[in-house]
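Let me begin by presenting the structure, written as structure tokens, before commenting on it.
Residue numbers (my numbering), protein chains in the order written: chain R, 91 to 202; chain X, 9 to 118.
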């Protein structure tokens, strides 16, 4: 069990650019979650996968956001045409059941 | 819709003093409830969870929480706080689309 790994840890990008984040869950976990956390706030749910199927998406996930989990292993979260309001910590978590997630350390995105 | 309220944005306690962090939830059925802790620049670590059964649950690092259905509360407690407990604490409810409160920042005075 090597934990949930997220890459990169930090990303600085110019407004309008596309960015992609990767999450590697704990290997035996079939559920994978993406959350966004802004300063001074709790994590906000974005989306989750059970195996390769994306089962729920928050309305926070605008059409500029897309998430994939090919083959039910790692997942990617892509943000197109980034805006300053996208600056946040993006957290990934995984679990075997529908509770008690294990979180990664997050990817901090800064849009300048 | 499920939601969580943490009424206290910031709490300061002296080292060795007792601690209680408040959490109120809104959920349509029997809730799954959690407390997480987050140190600066780190991910979230699960402290404890409640699904059913005994309403007093024990967690890691000496924390406990009590589920009170009549008050829709799930408050976190610790009898004696250590300086290393200084962090942000989040209460959460639900499963598969878990919702978090805004957090309570704990400062520990020497």
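We put the CB at the ideal spot given by N, CA and C, even for glycine.
For this session: In angstroms with no decimal places, state the Cα-to-Cα distance between residue 180(R) and residue 93(X).
Result: The sequence position of residue 180(R) within the first chain is 90, counting from 1. The sequence position of residue 93(X) within the second chain is 85, counting from 1. Residue 180(R) and residue 93(X): Cα-Cα distance of roughly 24 Å.
Problem set entry | 8 Å contact criterion, which residue 85(X) and residue 73(X) should meet: CB distance rounded | As a working mapping, residue 85(X) is identified with position 77 in the second chain. As a working mapping, residue 73(X) is identified with position 65 in the second chain. Separation of the CB atoms of residue 85(X) and residue 73(X) is rounded to 7 Å, and the pair is thereby assigned contact status at 8 Å.
For this session: With a threshold of 16 other CB atoms inside 10 Å of the CB of residue 129(R), please say whether the residue is buried or exposed.
Result: Within the first chain, residue 129(R) is the residue found at index 39, counting from 1. Answer is exposed; the Cβ neighbour count stays below 16.
Exercise. Contact between the region 133-147 of chain R and the region 107-124 of chain R: three or more CB pairs below 8 Å?
Worked result: yes
Exercise. At least one CB of chain R closer than 8 Å to the CB of residue 69(X): is that the case?
Worked result: Position 61 of the second chain holds residue 69(X). So, not an interface residue.
Exercise. If you run the structure through DSSP and keep just helix, strand and coil, what is residue 169(R)?
Worked result: Counting from 1 along the first chain, the entry for residue 169(R) is found at position 79. Looking at residue 169(R) - three-state DSSP - the assignment turns out to be strand.
Exercise. Quick check: the region 14-23 of chain X against the region 40-48 of chain X, are there 3 or more CB pairs under 8 Å?
Worked result: no
Problem set entry | Backbone CA spacing between residue 131(R) and residue 110(X) [nearest angstrom] | Here residue 131(R) is taken as the residue at index 41 of the first chain, counted from 1. Here residue 110(X) is taken as the residue at index 102 of the second chain, counted from 1. Going from the Cα of residue 131(R) to the Cα of residue 110(X) covers about 5 Å.
Exercise. With a Cβ-Cβ cutoff of 8 Å, do residue 42(X) and residue 100(X) count as a contact?
Worked result: Here the question's residue 42(X) lines up with position 34 in the second chain. Here the question's residue 100(X) lines up with position 92 in the second chain. Here residue 42(X) is near residue 100(X), since their CB atoms are less than 8 Å apart.
Exercise. Mind checking whether residue 94(R) and residue 166(R) have CB atoms under 8 Å apart?
Worked result: Along the first chain, one-based indexing puts residue 94(R) at 4. Along the first chain, one-based indexing puts residue 166(R) at 76. Going by C-beta atoms, residue 94(R) is not nearer than 8 Å to residue 166(R).
Problem set entry | Closer than 8 Å at the beta carbon, the chain X residues around residue 144(R) | For the purposes of this step, residue 144(R) is taken as residue 54 along the first chain, with counting starting at 1. Within 8 Å Cβ-Cβ: nothing; residue 144(R) doesn't reach chain X, min ~12 Å.
Problem set entry | residue 105(R) versus residue 173(R) - alpha carbon distance | Counted from its first residue, the first chain places residue 105(R) at position 15. Counted from its first residue, the first chain places residue 173(R) at position 83. Using only the alpha carbons, I get a separation of about 5 Å.
Exercise. For residue 117(X), which beta-bridge partners are listed by DSSP?
Worked result: Here residue 117(X) refers to the residue found at position 109 of the second chain. Beta-bridge pairing links residue 117(X) to 22(X).
Exercise. Do residue 69(X) and residue 54(X) come within 8 Å of each other at the CB atom, strictly closer than that value?
Worked result: The sequence position of residue 54(X) within the second chain is 46, counting from 1. The sequence position of residue 69(X) within the second chain is 61, counting from 1. For residue 54(X) and residue 69(X), no; Cβs fall outside 8 Å.
For this session: List the endpoints of the continuous beta strand (DSSP E) containing residue 104(R).
Result: By one-based count along the first chain, residue 104(R) stands at place 14. Where residue 104(R) is concerned, there is no enclosing beta strand (DSSP E), given that its DSSP letter is neither H nor E.
For this session: Rounded to whole angstroms, what's the CA-CA distance from residue 89(X) to residue 40(X)? Just pull it up for me.
Result: Along the second chain, one-based indexing puts residue 89(X) at 81. Along the second chain, one-based indexing puts residue 40(X) at 32. Residue 89(X) and residue 40(X) have their C-alpha atoms some 26 Å from each other.
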